[in-house]
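Residue numbers (UniProt numbering), protein chains in the order written: chain A, 1 to 323; chain B, 1 to 203. Even for Gly, the Cβ is constructed at its ideal location relative to N, Cα and C. Everything numeric in this text was worked out from a predicted model, so none of it was measured. Read through the structure below, which is laid out as structure tokens, and then see the notes.
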Amino acid sequence: MTSLDQFPDVVLLNILEKLDILDVLSLRKTCRSLYNFIDDVCPNKNLQVIKITTFSNAIKLEFVLPDSQRITVEYDDFHGTSCLVRWTKIPGNPKIKKETILKNADFMGVASRDLEILLKHQKTKLTYLKISFQSEIDAESLDFFPRILESRPRPLQIENLDLEVTQQSQLLQILPFIDPDAVSYLRIERYGSRGVVLEIDDVARLENWKTLRNSIHIGWNNGNIRDFLNFSYVYVKFPIVTVEDLVFLKETFLHSSRMNCVYLQVVTPVDLPELLEAFGPSNDDINYMGGYRKRWFFKCYSNPDDILSIGFNPRCLHFQREN
Amino acid sequence: MTSPASSSEVKYLIESSEGNTFDVSGAALRQSNTFNAMFLNIGADGPIPFTDYNEATLKKVFEYCEHSVNEENYSGPKHQDDLSKWDLNFFNEMDQKMFIDVINASNFLDIERLTSYCCERIARMLRGKNTQEMIKVITLPTAEELEAKQKVEEKKAAAAKKVAEKAAETAEKTETLEELPVQQLVQTTRNKLTRKYLSFSNE
């Protein structure tokens with residue numbers, strides 16, 4: 001019997017709220033009744049930052065506690081049969097790593113269990129979540145992400161979501177299960193060789209994608225500018241963009257009260273004569289880098305006080321709302 | 001019970017589990033949300049019964065309330081250094097059982113500050129420890145363990161007593177041993193003399 005068993009739940013919860021996640025997890029292992037109580041109430045531990053990096057034979061989990069302590073846990077495959085867990089804490093000496101070998105344990109299983117516990121204690125909005133898939137690992141073997149995210153009573157709220165992926169299926173494991181209303185900044189980049197284009201056609205069809213509202217920064221992808229018109233700030237790179245798409249973007253921008261900025265980079269230069277025909281004669285000026293650019297200005301339909309300014313050079317277009 | 005009034009001079013009678021009653025100032029008692037909800041507006045005839053808790057516990061709880069009356073905007077200690085000398089004494093005076101009783105009473109009386117303060121105290125005992133160290137902090141001995149501990153202590157006491165007795169005996173013996181040569185000498189001399197006299201008389 002422990003002295004904590006003698007307290008009512010309100011008092012126990014009060015104590016647990018004063019401890020950080022590491023203390024709570026240590027306390028959870030002291031006795032069966034506390035284990036059950038902690039799993040039952042899952043006191044909110046209000047983490048700010050979580051970074052998850054997956055390699056082909058290891059997973060690295062980093063998180064920052066409210067008091068700015070940074071914890072790094074690495075789960076390595078050990079001879080194919082065991083899991084080597086290495087643990088560091090900063091402030092502290094980052095070279096000193098606590099190590100333990102879990103026999104007959106799969107590194108992914110151990111890491112996913114820890115991540116699940118960590119996220120169970122996250123009831124408030126996470127400031128920053130980065131998930132980086134640094135290998136061509138098959139999405140199915142990392143199916144713990146959807147399992148963990150889906151098992152939550154309500155979707156995980158993330159303010160800044162940063163995803164580095166090697167293929168579209170990895171995005172499909174995360175994006176459907178988060179709260180789209182909470183995301184204010186979403187960054188998607190393809191991990192690995194720069195020349196390869198990320199496919200996003202299935203992602204763009206997600207319900208959650210259509211309800212994302214704020215900023216997006218996305219690297220080379222095979223999508224269309226029409227897939228990004230729900231965002232207010234867009235930074236996107238396409239292999240090619242047609243004048244027809246640009247006209248559509250301009251018209252949508254003029255009618256929209258929400259769109260603020262679209263920054264487009266393209267590999268294949270835009271056909272200028274065709275664009276001049278569509279947008280009309282341009283004003284030419286020098287940009288802040290000293291280069292010539294063409295500019296167009298249009299009055300917004302949604303608010304006549306607002307002006308849409310379009311800056312152009314052959315590989316880059318900048319649509320900006322000016323007040 | 002004295003009629004409720006805003007003056008801090010007003011005293012209320014509190015009844016403990018033993019049936020004893022004692023005085024608590026209105027200002028101290030008003031820190032209890034339970035009291036505020038139950039008695040402040042409607043009043044009560046006779047002493048206020050908080051009969052789930054013993055007198056010592058309740059007195060300890062209200063001692064804290066009386067002390068903290070003048071620190072209304074206090075938000076609790078952030079670090080060990082924040083504990084005043086009075087606070088340290090207050091907690092150090094309590095044994096484990098009393099501490100647990102005080103937390104439970106404070107929780108029942110809904111005295112937020114004291115409850116939070118006590119919880120912070122416990123959290124500090126656990127913070128930064130690993131599971132094994134935490135087990136040592138929070139484990140209470142069972143009845144058998146207490147009995148066994150008592151037996152061990154009794155045994156120890158008995159052993160110590162024996163050792164003391166033995167030591168005393170040894171000391172006594174040493175004393176007699178020290179005396180022995182003299183006595184023997186006296187006795188031997190006496191025997192010799194007796195024999196001598198006897199031999200004389202026989203002659």
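Next on the checklist: For chain A, check one thing: does any of its Cβ atoms lie closer than 9 Å to the Cβ of Asn33(B)?
Outcome noted: Numbered from 1 along the second sequence, position 33 holds the residue referred to as residue 33(B). So, not an interface residue.
Checklist entry - In this structure, what does DSSP give as the bridge partners for His217(A)? => result On the first sequence, residue 217(A) is found 217 positions in, with the first residue counted as 1. Answer by DSSP bridge pairing, in chain order: Arg187(A) and Tyr235(A).
Item to check | Short CB-CB distance (under 9 Å) between Gln6(A) and chain B | outcome: In the first sequence, residue 6(A) corresponds to position 6, counting from 1. Yes, contact with chain B.
Checklist entry - Whose Cβ in chain B lies nearer than 7 Å to the Cβ of Leu27(A)? => result Here residue 27(A) is taken as the residue at index 27 of the first sequence, counted from 1. Here the neighbours are Leu126 and Met134.
Checklist entry - Is there a Cβ from chain A that is less than 9 Å from the Cβ of Leu146(B)? => result To locate residue 146(B), count along the second sequence from 1; it is residue 146. The C-beta of Leu146(B) comes no closer than 9 Å to any C-beta of chain A.
Checklist entry - Applying the criterion that 16 or more other CB atoms from any shown protein chain within 10 Å of the CB defines a buried residue, is Ala28(B) buried or exposed? => result Taking the second sequence and counting its residues from 1, one reaches residue 28(B) at position 28. Result: buried.
Item to check | Val137(B), enclosing alpha helix (DSSP H) - first and last residue | outcome: Counted from its first residue, the second sequence places residue 137(B) at position 137. Looking at the DSSP string, the run of the alpha helix (DSSP H) that includes Val137(B) is Thr131 to Ile138.
Next on the checklist: Can you pull the chain B neighbours of Asp23(A), defined as C-beta to C-beta under 9 Å?
Outcome noted: As a position in the first sequence, residue 23(A) is number 23, starting the count at 1. Neighbours of Asp23(A) on chain B, chain order: Ala123, Leu126, Arg127, Gly128, Lys129 and Met134.
Next on the checklist: Based on DSSP bridge pairs, tell me the residues matched to Val267(A).
Outcome noted: Position 267 of the first sequence, counted from the first residue, corresponds to residue 267(A). Beta-bridge pairing links Val267(A) to no other residue.
Item to check | Cβ distance (whole Å) where Val165(A) is taken to contact Tyr185(A) below 8 Å | outcome: As a position in the first sequence, residue 165(A) is number 165, starting the count at 1. As a position in the first sequence, residue 185(A) is number 185, starting the count at 1. About 17 Å separates the CB atoms of Val165(A) and Tyr185(A); that is not less than 8 Å, and the two are not in contact.
Checklist entry - Taking the alpha carbon of Glu133(B) as the point to measure from, which residue in Tyr233(A), Tyr288(A) and Arg28(A) has its own alpha carbon closest? => result Numbered from 1 along the second sequence, position 133 holds the residue referred to as residue 133(B). Nearest option by C-alpha distance: Arg28(A).
Checklist entry - chain B partners of Lys18(A), CB-CB under 7 Å? => result Walking along the first sequence from the start, residue 18(A) turns up at place 18. Residues of chain B passing the Cβ test: Cys119, Glu120 and Ala123.
Checklist entry - What three-state label does DSSP hand Val119(B) in the structure shown? => result For the purposes of this step, residue 119(B) is taken as residue 119 along the second sequence, with counting starting at 1. Here the sequence assigns Cys to residue 119(B), which means Val is not the residue at that position. Here Cys119(B) sits in helix by DSSP.
Item to check | Neighbouring residues, chain A, relative to Asn104(B) (Cβ below 8 Å) | outcome: One-based indexing of the second sequence puts residue 104(B) at position 104. Those are Gln6, Phe7, Pro8 and Val11, listed as they occur along chain A.
Checklist entry - For the candidate residues Val241(A), Val262(A), Ile307(A) and Asn221(A), whose alpha-carbon lies nearest to that of Asp202(A)? => result Start at 1 with the first residue of the first sequence, and residue 202(A) comes out as number 202. Closest by alpha carbon: Asn221(A).
Item to check | Neighbour-count burial assignment, residue 286(B), 16 or more Cβ in a 10 Å radius | outcome: Because chain B here runs from 1 to 203, residue 286(B) falls outside it and cannot be looked at.
Checklist entry - Can you list, in chain order, the residues of its chain whose CB lies under 7 Å from that of Trp87(A), leaving out five sequence neighbours each side? => result Here residue 87(A) corresponds to residue number 87 of the first sequence, with the count starting at 1. Excluding positions up to five away in sequence, the list reads Val73, Lys97 and Lys98.
Checklist entry - Tell me, which residues are paired with Asn160(A) by DSSP? => result Within the first sequence, numbered from 1, the residue matching residue 160(A) stands at position 160. Looking at the DSSP assignment, Asn160(A) forms a beta bridge with Tyr128(A) and Tyr185(A).
Item to check | Tyr75(A), DSSP secondary structure in three states | outcome: Against the first sequence, residue 75(A) aligns to sequence position 75. Under the three-state reduction of DSSP output, Tyr75(A) falls in the strand class.
Checklist entry - At least one CB of chain A closer than 9 Å to the CB of Leu114(B): is that the case? => result Indexing the second sequence from 1 puts residue 114(B) at position 114. Output row for Leu114(B): interface = no.
Checklist entry - Tyr117(B): buried (16+ other C-beta within 10 angstroms of its C-beta) or exposed? => result Within the second sequence, residue 117(B) is the residue found at index 117, counting from 1. By the 10 Å Cβ count, Tyr117(B) comes out buried.
Item to check | Asp106(A) versus Lys89(A), Leu126(A), Val85(A) and Lys120(A), residue with shortest Cα-Cα distance | outcome: Indexing the first sequence from 1 puts residue 106(A) at position 106. Nearest of Lys89(A), Leu126(A), Val85(A) and Lys120(A) to Asp106(A), Cα basis: Val85(A).
Next on the checklist: Can you list, in chain order, the residues of its chain with a C-beta nearer than 8 Å to that of Ile117(A)? Leave out the 5 residues immediately preceding and following it.
Outcome noted: Within the first sequence, residue 117(A) is the residue found at index 117, counting from 1. The answer, listed in chain order, is Leu25.
Checklist entry - When DSSP labels each residue in this structure, what does Ser25(B) get in the three-state scheme? => result Locating residue 25(B) in the second sequence gives position 25, where the first residue counts as 1. In the structure shown, Ser25(B) sits in a strand (DSSP, three-state: E or B).
Checklist entry - How big is the Cα-Cα spacing for Ile286(A) and Glu189(A)? => result By one-based count along the first sequence, residue 286(A) stands at place 286. By one-based count along the first sequence, residue 189(A) stands at place 189. If I take the Cα positions, the gap works out to 31 Å.
Checklist entry - Any contact of the region 226-235 of chain A with the region 206-218 of chain A, i.e. 3+ C-beta pairs under 8 Å? => result yes
Checklist entry - When burial is assigned at 16 or more other CB atoms within 10 Å of the CB, is Val196(A) buried or exposed? => result Against the first sequence, residue 196(A) aligns to sequence position 196. That one is exposed.
Checklist entry - Measuring CB to CB, does Leu65(A) end up less than 9 Å from Ile71(A)? => result On the first sequence, residue 65(A) is found 65 positions in, with the first residue counted as 1. On the first sequence, residue 71(A) is found 71 positions in, with the first residue counted as 1. Ile71(A) sits close to Leu65(A), with the two beta carbons spaced by under 9 Å.
Next on the checklist: Taking only three categories from DSSP, how would you classify Gly311(A)?
Outcome noted: One-based indexing of the first sequence puts residue 311(A) at position 311. Reduced to three states, the DSSP call for Gly311(A) is strand.
Checklist entry - If you measure from the beta carbon of Leu88(B) to each beta carbon in chain E, is any gap under 9 Å? => result Here chain E cannot be found, since the structure's protein chains are A and B.
Checklist entry - For Ala37(B), which option in Glu55(B), Leu109(B), Asn92(B) and Val102(B) has the closest C-alpha, if you only look at C-alpha atoms? => result As a working mapping, residue 37(B) is identified with position 37 in the second sequence. Out of Glu55(B), Leu109(B), Asn92(B) and Val102(B), Leu109(B) has the C-alpha closest to the C-alpha of Ala37(B).
Checklist entry - With 16 as the cutoff for other CB atoms within 10 Å, does Tyr35(A) come out buried or exposed? => result Within the first sequence, numbered from 1, the residue matching residue 35(A) stands at position 35. So Tyr35(A) ends up on the exposed side.
Next on the checklist: So, for Pro281(A): in the same chain, excluding its five sequence neighbours on each side, which residues have a beta-carbon less than 7 Å away from its beta-carbon?
Outcome noted: The residue given as residue 281(A) occupies position 281 in the first sequence. Answer for Pro281(A): no residue qualifies.
Checklist entry - If the cut is a Cβ gap below 7 Å, which residues of chain A does Ile138(B) touch? => result Within the second sequence, the letter at position 138 stands for residue 138(B). Those are Thr2, Ser3, Leu4 and Thr30, listed as they occur along chain A.
Next on the checklist: On the DSSP letters alone, give me the boundaries of the beta strand (DSSP E) that Lys89(A) sits inside.
Outcome noted: As a first step, residue 89(A) is located in the first sequence; it is residue number 89 there, counting from the start. Run containing Lys89(A): Ser82 to Ile90, per the beta strand (DSSP E) assignment.
Checklist entry - Taking C-alpha atoms, which residue in Asp20(A), Ile21(A), Leu22(A) and Thr30(A) lies nearest to Leu4(A)? => result By 1-based counting over the first sequence, the position of residue 4(A) is 4. Nearest option by C-alpha distance: Thr30(A).
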